[in-house]
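Just below is one structure, and these are the notes that go with it.
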Amino acid sequence: MTLPPIARVGDKLVVPACDVGEVMAIETLPIAGDERTFYRIEFPEGGQSWVPLGTLPEKRIRKVMSRENALEALVVMAAQEAPEKRANWNQRKRRYQEMVMDNSPKLLATLLGELAAVRRTKGTLSFSENKVFEQVRGMLKREMSLALGLSVDAVETRLECALAG
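Each residue of the sequence shown is one higher than the last, beginning at 0 in numbering that gives the first Met the number 0.
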């Protein structure tokens with residue numbers, strides 16, 4: 000049984016831990032003697048992904064957030080504070096990965112705001128934390144640009160204000 004597509008060619012989708020990509024095609028490909036239908040998603044920074052049709056919710060792939068969610072994300076980021084006591088790196092890393100893979104705009108904003116607050120408090124982030132910070136900031140910046148109908152530079156300015164605390 001083939002499920003109807005929830006996205007069309009040209010739609011923008013947010014792929015966890017990757018980026019915001021555009022559905023370039025819906026293709027049927029032979030896989031292990033069977034035929035499966037996939038979304039072919041291309042990313043602006045290069046690369047592409049094939050996602051089986053009907054698995055978007057299970058894979059946490061979603062359409063671009065709404066304007067209201069983008070504005071709420073800015074408020075959530077600004078409200079974050081550095082934790083009084085931080086867990087060890089392995090626990091923090093696992094938590095960060097879970098938040099990124101959940102792909103919820105609110106959780107991504109929470110993570111970005113928290114890391115910005117830690118950076119303000121400590122003066123710096125570890126190399127790995129900075130990588131997570133930059134990855135999430137880039138994803139949110141590009142997605143919010145689409146949601147708000149603003150240039151990436153304009154969104155960067157809003158992000159910097161929200162993250163300044």
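Ideal Cβ positions, reconstructed from N, Cα and C, are used throughout, including at glycine.
Run the CB neighbour count on C30, radius 10 Å, all protein chains shown included, and call it buried at 16 or more, exposed below. For the purposes of this step, residue 30 is taken as residue 31 along the sequence shown, with counting starting at 1. Note on identity: in this sequence residue 30 is Ile, with Cys being the wrong assignment. I30 comes out exposed.
Is M98 buried or exposed, if buried means 16 or more other CB atoms sit within 10 Å of its CB? Mapped onto the sequence shown, residue 98 falls at position 99. Flag for M98 reads buried.
Quick one: using the 10 Å Cβ neighbour count with 16 as the cut-off for buried, is V14 buried or exposed? Against the sequence shown, residue 14 aligns to sequence position 15. The residue is buried, with at least 16 neighbouring Cβ atoms inside 10 Å.
According to DSSP, is M0 part of a helix, a strand, or is it coil? Start at 1 with the first residue of the sequence shown, and residue 0 comes out as number 1. Note that M0 scores a pLDDT of 38, beneath 50, so its modelled location is shaky; the value from the coordinates is reported in the next line. It is coil, neither helix nor strand.
Give me the Cα-Cα distance between L85 and L162, rounded to the nearest whole angstrom. Taking the sequence shown and counting its residues from 1, one reaches residue 85 at position 86. Taking the sequence shown and counting its residues from 1, one reaches residue 162 at position 163. Looking at the sequence itself, residue 85 is Arg, so the reference to Leu does not match. Cα to Cα, the separation comes out at about 19 angstroms.
Status (buried if at least 16 other CB within 10 Å, exposed otherwise) for F126: Here residue 126 refers to the residue found at position 127 of the sequence shown. Under this definition F126 is an exposed residue.
Taking DSSP as the reference, what is the three-state secondary structure of M138? Taking the sequence shown and counting its residues from 1, the one referred to as residue 138 is at position 139. It is helical.
Below 8 angstroms, can you find three or more Cβ-Cβ pairs linking the segment 34 to 52 to the segment 62 to 69? no
Which residue's Cα is closest to the Cα of V74: R91, P56, K105 and R94? As a working mapping, residue 74 is identified with position 75 in the sequence shown. It is K105 whose Cα lies nearest to the Cα of V74.
Give me, in chain order, the residues of the same chain whose beta-carbon lies closer than 7 angstroms to that of A16; leave out the 5 immediate sequence neighbours on both sides. Start at 1 with the first residue of the sequence shown, and residue 16 comes out as number 17. Answer for A16: V99 and M100, listed in chain order.
Determine the DSSP secondary structure at Q79, reduced to helix, strand or coil. Stepping through the sequence shown from its first residue, residue 79 is reached at position 80. Of the three classes helix, strand and coil, the one that applies to Q79 here is coil, per DSSP.
Of the residues V117, E155 and R141, the one placed nearest E44, counting alpha carbons only: Residue mapping note: residue 44 aligns to position 45 of the sequence shown, counting from 1. Per the Cα distances, R141.
Continuous alpha helix (DSSP H) stretch holding K105: start and end: Taking the first residue of the sequence shown as position 1, residue 105 is located at position 106. Start and end: P104 to K121.
Between V117 and chain D, is any beta-carbon pair separated by less than 8 angstroms? The structure shown has no chain D; it contains just one protein chain.
Please say whether E80 and A116 have beta carbons closer to each other than 8 angstroms? Taking the sequence shown and counting its residues from 1, the one referred to as residue 116 is at position 117. Taking the sequence shown and counting its residues from 1, the one referred to as residue 80 is at position 81. Contact flag set, yes.
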